[in-house]
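Inspection log for the structure reproduced underneath, given as structure tokens.
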Amino acid sequence: MAVTTRTGDAGTPTPTPPRQAGDGRPAGSAGGAGVNVFSHVVLIGWSVMVLVPFVWALLASVKTSAEIFGSPWALPEVYQWSNFARAWDKGVGEYLLNSVIVVTGGVLLTMLLGSMAAYVLARYRFPGNRFIFYLFAAGMMFPVFLAIVPLFFVVQNLGMLSTYQGLILVYVAYSLPFTVFFMHAFFKTLPTSVAEAAFMDGCSHTGVFFRVMLPMAKPGLLSIGIFNVLGQFNQFVLPSFLSPERPVLTQGIATLLASQRYEGDWGALFAAMTIAMVPVVVVYLLFYRQVQAGLTSGTLK
Amino acid sequence: MRHGQYRFIVGFLVLPLALYAVFVISPFIQAFYYSLTNWTGVSPTFDFVGLQNFQTLLHDSLFLRALRNNAVLLVVMPLAVILLALFYAFLLNVGAAGAGAGVRGVRGSGFYKLAFFLPQVLSVPVIAVIWAVIFDPTPTGLVNTVTRGIGLGTLGWLADPNLALYCVLWVLVWGSVGFYLVLFNAAMSSIPRDIYEAAVIDGAGRVATFFRVTVPLLWDTIQTSWVYLAILALDVYALVAVMTAGPGGPANSTQVISLQIAQNGFQFGRAGYASAMGVVLFFFTLLIAAIMLRATRRERIEY
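Protein chains in written order, with the numbering used here: chain A, 108 to 408; chain B, 861 to 1163.
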């Protein structure tokens, strides 16, 4: 599914009440103690498997290449903060700036256009409504690689290869299906009474949308907004074909890996990786409930 | 009023639809068209060649190799991810159930969800670089220090043609389990508690409850997950492109369809041929989604 094509991030909206099983409830009684210990051993085992490579990569950003490969479990003897300076010199600053510009523009436009389309499709009856909705929804299912070759030529013909506006428009187009789908479900659940009252007071359709419905949809906008920030910041397939001359951070990481195979400056590569990981992990830790809910469920009443 | 309403509807839909039509729908349709031509991607002219591209595909050993590798991923990856995610979700929710209670979460389940889900928010190139380095084939590579510790010795991992595809498979599973754990967990928490209580009163043990109550009630979610994971397995690109040698190596052991499309379309000047591969990929996706949904169909349980 489009801009969000990454390992398993296909959003699968399933209507669920926001009740969280398992959070902060007392552990099982004496009868379940054995199972309880077993559960924790297994769950901690997988947590370690997830966290060790991640923490190891963070540590590698302050190690020398010799330490990274020679003594992988040891802490660095001297913390090599200069790795970050060299990573910056290798272009990471520029890649980061490109990513920030494209994601800022892409997410703002996605949110605006996506919620406009979703709102009209969810709250107004007109001929072709269903068809347009399914047209958007279908975009979540199709493999982006079917379209990648013709897409390249579409963007080339518009003169938008390796430009900010080209990437932004493509990101928006490929983020629309899930955004429309998600916000459609959200606008459906909002009560009609407030909107009717606003109409009574002489508010226009556009006014009702911007002044009444959008503020009411804030929780949904937050979830899908964070989803789009992460998805577009992490996007790799689209920019690697459409923006070869103006790489975003994910492309930069891939390029740096390729060049370290002969340059051998692995510390700088991991410093670049840390620069790429820290922002998303901070966003994740701040908003992980919204991220998880936004990714896995369609309704948040 | 009515007139104004239609103007409003059109006004709100025209921009999103235009963008979507230009950058998503039109390339998809063009791909079908170009798949019937010998277009190089550079020359302004090209000829219609009918189904010739598809006939060539049948004898393209590299493409067939890629197809086979995608098939391995397609069969193993969704199964592994769903079984692991279900198992962990079970441990998270029902695992700690006392004899008298129906369903209770283990302590710290919030932390587990936070940790398991982490790979989902990292970009694929970042994940690919981490694993490319810790799969280092020298004896001091991070993974090798572990395998030596448990007596498996030093392995070649991504440098070994017999292992490389399984390394890709592992990283895909590693990255996906957390997402499906959170998904299944959310679905499980929406199952009313009294169903579990009734099962316990009827004398059902933990395992029986899981297989006879939880799994049937989650079937819709499992089915959807299966289709999404299958699409992921068919569409895999970034991981292979960044992590494997070549990419697609060693000795083409990690070739996949998407890599073939990229190489033919952008390096070998065979845009028409690459489009034909895209069309094959499309029909595979459609076919697999249809088969999955039919084969796994069960009576829907309402609660």
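Glycine included, C-beta positions come from ideal geometry on N, C-alpha and C.
Partners in chain B for residue i, counting only beta-carbon separations shorter than 7 Å
i        : result
His147/A : Val966
Met384/A : Leu982, Val986
Ala361/A : Pro985, Val1102
Ala357/A : Strictly speaking, residue 357/A in this sequence is Thr, with Ala absent from that position. Neighbours of Thr357/A on chain B, chain order: Ser983, Pro985.
Cα-Cα separation between residue i and residue j, rounded to whole angstroms
i         : j         : result
Gln339/A  : Phe1071/B : 39 Å
Gln127/A  : Tyr226/A  : Because the pLDDT at Gln127/A is just 41, under 50, the model does not fix this residue reliably, and the value given afterwards should be weighed accordingly. Looking at the two C-alpha atoms, the distance is approximately 29 Å.
Phe923/B  : Pro979/B  : 30 Å
Arg1157/B : Asn190/A  : 54 Å
Thr897/B  : Gly198/A  : 40 Å
Leu879/B  : Val279/A  : 8 Å
Ile151/A  : Val1006/B : 17 Å
Phe883/B  : Tyr186/A  : 47 Å
Phe294/A  : Ser168/A  : 45 Å
Gly273/A  : Met267/A  : 5 Å
Pro284/A  : Pro322/A  : 22 Å
Thr1014/B : Pro999/B  : 6 Å
Leu392/A  : Trp899/B  : 48 Å
Ile942/B  : Gly871/B  : 43 Å
Ala959/B  : Ala1068/B : The predicted position of Ala959/B is uncertain, since its pLDDT is 38 and thus under 50; no value can be drawn from it.
Met320/A  : Ser350/A  : 36 Å
Ala1059/B : Val1073/B : 8 Å
Ala992/B  : Phe306/A  : 59 Å
Val963/B  : Leu1043/B : Bear in mind that a pLDDT of 48 at Val963/B, under 50, signals an unreliable position, so the number given afterwards is only what the model happens to contain. Distance between the alpha carbons of Val963/B and Leu1043/B is about 17 Å.
Ala956/B  : Leu1089/B : Note on Ala956/B: pLDDT 47, under 50, position unreliable in the model; the coordinate value appears next. Distance between the alpha carbons of Ala956/B and Leu1089/B is about 29 Å.
Asp920/B  : Leu1029/B : 24 Å
Leu1078/B : Ala931/B  : 26 Å
Lys973/B  : Leu1041/B : 8 Å
Leu873/B  : Thr313/A  : 13 Å
Interface residues of chain A facing residue i [CB-CB closer than 9 Å]
i         : result
Ile1082/B : Within 9 Å Cβ-Cβ: nothing; Ile1082/B doesn't reach chain A, min ~10 Å.
Thr1145/B : Met248, Phe249, Pro250, Leu253
Gln865/B  : Tyr231, Phe233, His312
Asp1020/B : Within chain A, no residue comes near Asp1020/B; the closest Cβ sits about 18 Å away, beyond 9 Å.
Cβ pair residue i, residue j closer than 8 Å
i         : j         : result
Phe259/A  : Phe343/A  : no
Met937/B  : Ala1098/B : no
Met1152/B : Val1096/B : no
Gly970/B  : Phe252/A  : no
Pro234/A  : Ile1091/B : no
Phe394/A  : Ile333/A  : yes
Closer than 7 Å at the beta carbon, the chain A residues around residue i
i         : result
Ala1131/B : Val256
Asp996/B  : Phe176
Gln912/B  : Here the premise fails: no neighbours, minimum Cβ distance about 17 Å.
Ala975/B  : Ser154, Val157, Leu158
Of the residues the options, the one placed nearest residue i, counting alpha carbons only
i         : options                                    : result
Phe243/A  : Ala324/A, Ala365/A, Trp195/A, Tyr281/A     : Tyr281/A
Arg967/B  : Pro160/A, Val144/A, Pro234/A               : Val144/A
Asn953/B  : Gly1001/B, Arg1066/B, Pro979/B, Ala891/B   : Arg1066/B
Trp180/A  : Val1116/B, Asn1004/B, Asn1045/B            : Asn1004/B
Ala881/B  : Gly246/A, Leu228/A, Leu376/A               : Gly246/A
Ala949/B  : Asn913/B, Leu1119/B, Ser1049/B, Leu875/B   : Ser1049/B
Ile1082/B : Leu946/B, Gly1001/B, Ile1051/B             : Leu946/B
Leu297/A  : Val214/A, Trp163/A, Phe316/A               : Phe316/A
Thr1104/B : Gly1063/B, Thr1145/B, Leu1018/B, Ala1155/B : Leu1018/B
Ser895/B  : Gly212/A, Pro257/A, Val210/A               : Pro257/A
Leu158/A  : Val1102/B, Ile987/B, Gly1001/B, Arg1130/B  : Ile987/B
Gly328/A  : Met223/A, Glu370/A, Ala304/A, Phe238/A     : In the sequence on display, residue 328/A carries Leu and not Gly. Checked all of Met223/A, Glu370/A, Ala304/A, Phe238/A; the closest Cα to Leu328/A is Met223/A.
Val207/A  : Tyr369/A, Arg353/A, Ala365/A, Met290/A     : Arg353/A
Leu1141/B : Leu228/A, Met248/A, Ile175/A               : Met248/A
Phe1128/B : Gly901/B, Ile889/B, Leu1002/B, Leu873/B    : Gly901/B
Ile889/B  : Pro346/A, Lys170/A, Ile255/A, Leu182/A     : Ile255/A
Integer Cβ distance of residue i from residue j, believed to fall under 8 Å
i         : j         : result
Leu1023/B : Gly1016/B : 6 Å
Asn1124/B : Ala1111/B : In fact, because the Cβ distance is near 19 Å, the residues do not count as touching under 8 Å.
Ser172/A  : Trp373/A  : 4 Å
Phe377/A  : Ala192/A  : About 14 Å; that fails the 8 Å criterion.
Val261/A  : Pro876/B  : 17 Å between Cβ atoms; not a contact.
His291/A  : Phe240/A  : 7 Å
Neighbouring residues, chain B, relative to residue i (Cβ below 8 Å)
i        : result
Met380/A : Val986, Val989, Ile990
Trp163/A : Ile990, Ile994, Leu1002
Ala280/A : Leu879, Tyr880, Val882, Phe883, Val884
Neighbour list for residue i in chain B, Cβ cutoff strictly below 9 Å
i        : result
Leu276/A : Leu879, Val882, Phe883
Phe317/A : Within chain B, no residue comes near Phe317/A; the closest Cβ sits about 11 Å away, beyond 9 Å.
Asn341/A : Val981, Leu982, Ser983, Val984, Pro985, Val986
Phe240/A : Under the 9 Å cutoff, chain B gives no residues; its nearest Cβ is about 11 Å from Phe240/A.
Leu64/A  : Here chain A covers residues 108 to 408 and nothing more, so residue 64/A does not appear.
Near the ligand MN: residue i beta-carbon under 7 Å from a heavy atom
i        : result
His147/A : Among the components modelled here there is no ligand, and therefore nothing to report on the ligand MN.
Within chain A, partners of residue i - CB distance below 8 Å
i         : result
Thr1005/B : Pro179, Trp180
Gly1038/B : Val157
Val860/B  : As shown, chain B starts at 861 and ends at 1163. That puts residue 860/B outside it, with no answer to give.
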